[in-house]
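Going by the working numbering, the first residue of the sequence shown is number 1, and it counts up by one from there.
One structure is given here, and the rest of the page talks about it.
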Amino acid sequence: MEITTNQIKALRAQTGVSVMQCRKALTEAGGDAEKALLLLKKRGAEAAAKKSGRTLGAGAVASYIHPGATVGALVLLSSETDFVSRNPEFQVLARDIAMHVAAMNPEKDALLDQPFIKTPDETIRALLERAVQKFGERIEVADFTRFAV
């Protein structure tokens, strides 16, 4: 089966990974977008595992203050280089995790396995694995704090 540009474009919009990774996943899945998505998720987890020993030398602190200013959170999202940590998509990821922390008040050891507040079918760990696959670097929530009145 021939893979179309529209199929690649749709999968890339859904995952954010490179065109070549999308094409390869679609080819291996025989053009089935759902199977290709599962392949990319599996590869994201494998990529994260391979990069787990790398040193984190950069990152970004993100904050979220809930309307009404009674709940807020700070998150330190670490990466290997400042090139990645300055990326606007990395900044959005850090802010989204801060919003999740403010809303869910997770324990330190439970954060990664919680369903993400914006997309409950995906965990924080899966979000980070997808980011590792996209940016090609190890990414980790180094610390977080929640404040409430």
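Think of the CB as a built atom: it goes at the ideal place given N, C-alpha and C, for glycine as much as any other residue.
Residue-level contact to chain B via CB, residue i, 9 Å cutoff
i	result
V19	No chain B is part of this structure, which consists of one protein chain only.
Nearest-angstrom Cβ-Cβ length linking residue i and residue j, presumed shorter than 8 Å
i	j	result
Q133	A10	Not quite, the Cβ-Cβ distance comes to about 17 Å (not below 8 Å), so this is no contact.
A73	V101	4 Å
G44	E129	4 Å
Q14	L37	7 Å
DSSP beta-bridge partners of residue i
i	result
I65	G72
T123	P115
A58	S79
The ligand GDP heavy atom lying under 8 Å from the CB of residue i
i	result
K35	With respect to the ligand GDP, the structure shown offers nothing to examine, as it has no ligands at all.
Residue i vs residue j beta-carbon contact at 9 Å
i	j	result
S85	V75	no
R125	L56	no
S78	E28	no
A131	F90	yes
A98	F144	yes
Length of the line joining the Cα atoms of residue i and residue j
i	j	result
V19	A148	43 Å
T81	G31	35 Å
P88	E2	34 Å
Q21	T70	43 Å
L26	G68	46 Å
E107	G59	21 Å
G96	V61	The question names Gly, yet the displayed sequence has Asp at residue 96. D96 and V61: Cα-Cα distance of roughly 12 Å.
G16	T119	15 Å
L112	A49	14 Å
F116	T5	30 Å
R12	F83	22 Å
Element boundaries [beta strand (DSSP E), containing residue i]
i	result
A148	139 to 148
First through last residue of the alpha helix (DSSP H) which encompasses residue i
i	result
I8	5 to 15
P106	That residue, P106, is in no alpha helix (DSSP H); it is neither H nor E in DSSP.
G44	33 to 50
R86	No alpha helix (DSSP H) contains R86, which DSSP labels as neither H nor E.
E28	19 to 28
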